[in-house]
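Reviewing the structure listed below.
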Amino acid sequence: MQLTFPKDFWWGAATSGPQSEGRFNKQHANVFDYWYEIEPNVFYQQVGPDTASNFYNSFKEDIALMKQVGLNSVRTSIQWTRLIDDLEEGTINEEGAKFYSDVIDEFLKQGIRPVMNLHHFDLPVELYHKYGGWESKHVVDLFVKFAEQCFKLYGDRVTDWFTFNEPMVIVDGQYLYQFHYPKVVDGKKAVQVAYNINLASAKAIAAFRTINQNPDGRIGTVLNLTPSYPATSSIEDLEAARIANLWCNQLFLEPAIHGYFPPELEALLEKDGVLWESTADERAIIQAHTIDMLGVNFYHPNRVKAPDISPNSLTVDWMPSKYFNHFDMPGRRMNVDKGWEIYPKALYDIALNIRDNYKNIPWFVSENGMGVSREERYLNTDGKIEDDYRIQFIQEHLSWLHKGITEGSACFGYHLWTPIDCWSWQNAYRNRYGLISTNIHTQVKTIKKS
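Take the UniProt record's numbering: the final residue in the sequence shown is number 450, and no numbers are missing along the way.
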């Protein structure tokens with residue numbers, strides 16, 4: 001079936017600096033660079049970020065391939081660890097600044113809109129070791145210095161900016177569930193980090209609006225939205241899903257768009273003795289500097305049920321999962337390589353939720369994709385990967401997205417993760433997502449069927 005999308009719709013893909021560039025000529029190590037140095041066995045086949053997909057050295061050829069597959073927009077990120085020499089002062093590294101300038105110019109030369117993100121899980125590790133990373137409001141201010149330099153350097157050519165990619169993953173991965181360095185388990189710190197990142201985003205937006213001279217310039221944030229569906233229609237499961245949505249989605253969505261935190265969530269955190277430390281001035285900044293547009297990363301739904309044990313009976317340190325447990329729905333469709341449920345209708349549910357509850361803010365699908373291992377299984381005689389599974393995945397998600405758009409949701413684009421197979425956190429190159437394959441031994445890149 002032929003689907004018609006709005007004029008000037010963004011058809012693109014997303015990647016990030018730390019996952020594509022390689023560590024070449026960087027001034028500082030980020031948390032993943034450091035984690036690989038101290039625990040290489042954590043990463044699939046001990047492949048680290050040193051080379052990644054070599055974008056630092058091959059960006060012109062890579063961008064030409066992106067043009068060849070028909071992309072009109074690409075999101076990537078500027079690495080704090082590459083652009084800034086002195087993290088305290090926010091002074092620029094000229095070589096890093098030239099690299100990003102050249103990348104932006106090459107995108108524009110190829111007729112591709114550069115969409116730039118400022119933080120993709122890549123905190124300079126020395127700021128964690130020195131200050132506790134996002135636990136510290138001083139780090140918030142250092143991030144703003146970095147953001148200001150980005151706006152000044154590239155705001156004449158970049159119109160579309162995003163402050164953070166999936167900040168909820170920083171909270172969950174670093175401070176609750178131990179899948180990102182520093183693998184801390186501390187609910188109170190997790191809650192404070194969530195607040196501080198919301199503050200950092202608002203302060204960066206304030207800086208953007210002071211510095212920006214481009215009449216078309218706009219700024220937003222990228223959130224991984226995972227709609228929480230109850231296992232049953234019981235009161236207990238419905239309540240579990242409500243709290244899961246508060247924590248997993250509204251913790252960043254509400255302040256980004258409405259300028260305040262969900263009162264129910266604040267009351268719950270205060271009752272549990274883990275509410276963040278904040279000031280009236282900080283809250284005023286968050287309220288005054290909401291986003292112009294939203295990026296939505298969607299991969300899988302969140303199915304939940306009431307906790308097996310009463311929240312009040314738990315004796316362990318605070319965890320959000322005291323209020324809900326994950327539920328494996330019988331008969332669900334799965335991407336068995338990644339272990340994620342495939343549920344395209346959730347994209348329609350997200351579209352209507354944004355329309356009805358979030359000012360129908362302009363938004364786009366900033367990431368959606370299907371990671372598959374051992375894709376060489378699908379090579380044809382011409383050496384091309386026939387990834388029909390990915391084509392079906394994209395078609396199904398676009399069909400539901402189109403339905404949401406026809407019903408009035410203000411979606412302006414769809415970006416696949418990712419243009420070229422890139423390095424991933426812990427998984428390295430196990431699961432491949434790209435429209436273009438990467439041979440990590442030769443760095444030869446080949447367009448896939450999708």
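Backbone N, C-alpha and C define an ideal beta-carbon position, used for all residues, glycine too.
Fair warning: this is a prediction, and the values are worked out from it, not measured in the lab.
Cβ pair residue i, residue j closer than 8 Å
i           : j           : result
residue 173 : residue 164 : no
residue 360 : residue 437 : no
residue 144 : residue 112 : no
residue 100 : residue 84  : no
residue 13  : residue 71  : yes
residue 187 : residue 319 : yes
residue 171 : residue 190 : yes
residue 81  : residue 25  : no
residue 222 : residue 166 : yes
residue 344 : residue 407 : no
residue 121 : residue 261 : no
residue 322 : residue 307 : yes
residue 440 : residue 69  : no
residue 269 : residue 249 : no
residue 87  : residue 126 : yes
residue 9   : residue 413 : yes
residue 257 : residue 358 : yes
residue 247 : residue 265 : yes
residue 375 : residue 387 : yes
residue 153 : residue 194 : no
residue 353 : residue 416 : no
residue 349 : residue 227 : yes
residue 241 : residue 304 : yes
residue 351 : residue 401 : yes
DSSP beta-bridge partners of residue i
i           : result
residue 326 : 304
residue 114 : 74
residue 334 : 341
residue 14  : 75 and 417
residue 446 : 437
residue 373 : 431
residue 162 : 117 and 220
residue 275 : Paired residues: none, contrary to the question.
residue 379 : 385
residue 30  : 124
Three-state class that DSSP yields for residue i in the structure shown
i           : result
residue 415 : strand
residue 24  : coil
residue 437 : strand
residue 210 : helix
residue 218 : strand
residue 428 : strand
residue 229 : strand
residue 81  : helix
residue 361 : coil
residue 293 : strand
residue 124 : strand
residue 141 : helix
residue 92  : strand
residue 455 : Nothing in the structure corresponds to residue 455, since the chain is present only between 1 and 450.
residue 87  : coil
residue 54  : coil
Contact test: residue i Cβ vs the ligand COA heavy atom, cutoff 7 Å
i           : result
residue 155 : What this structure holds is no ligand at all, so the ligand COA is not there to describe.
Minimum C-alpha distance to residue i - residue among the options
i           : options               : result
residue 103 : 146, 158 and 407      : 158
residue 147 : 209, 252, 362 and 329 : 209
residue 117 : 373, 176, 162 and 151 : 162
residue 372 : 356, 393, 380 and 284 : 393
residue 232 : 326, 376 and 389      : 326
residue 356 : 405, 435, 324 and 386 : 405
residue 3   : 335, 263, 275 and 399 : 399
residue 52  : 430, 384 and 391      : 430
residue 427 : 9, 36, 125 and 127    : 36
residue 205 : 255, 105, 6 and 329   : 255
residue 446 : 309, 385 and 352      : 385
residue 382 : 128, 448, 123 and 160 : 448
residue 169 : 183, 156 and 279      : 183
residue 107 : 309, 442, 1 and 59    : 59
residue 5   : 333, 411 and 151      : 411
Cβ of residue i within 8 Å of any chain B Cβ
i           : result
residue 240 : Considering every chain present, this structure includes no chain B. It has just one protein chain.
I want to know whether the segment 195-206 touches the segment 333-351 - three or more CB-CB distances under 8 Å.
For the pair of segments examined, the segment 195-206 was found not to touch the segment 333-351: the number of CB pairs separated by less than 8 Å stays below three.
Is it true that the segment 129-141 meets the segment 58-70, where meeting means three or more beta-carbon pairs spaced less than 8 Å apart?
Contact between the segment 129-141 and the segment 58-70 is absent, because fewer than three Cβ pairs lie under 8 Å.
Determine, using beta-carbon pairs with one atom in the segment 93-111 and one in the segment 36-44, whether at least three such pairs fall under 8 Å.
Pairwise C-beta distances place the segment 93-111 out of contact with the segment 36-44, as fewer than three of them are shorter than 8 Å.
Evaluate the contact criterion for the segment 233-251 versus the segment 277-295: three or more CB pairs, one atom per stretch, below 8 Å.
The count of Cβ pairs closer than 8 Å, one atom from the segment 233-251 and one from the segment 277-295, stays below three, leaving the stretches out of contact.
When the Cβ atoms of the segment 419-436 are set against those of the segment 13-29, are three or more pairs found closer than 8 Å?
In the pairwise beta carbon analysis, the segment 419-436 is classified as touching the segment 13-29: at least three pairs are separated by under 8 Å.
With three or more beta-carbon pairs closer than 8 Å as the criterion, would you say the segment 364-372 touches the segment 294-310?
These segments touch.
Three Cβ pairs or more, each shorter than 8 Å: is that satisfied between the segment 275-288 and the segment 212-221?
Touching, no.
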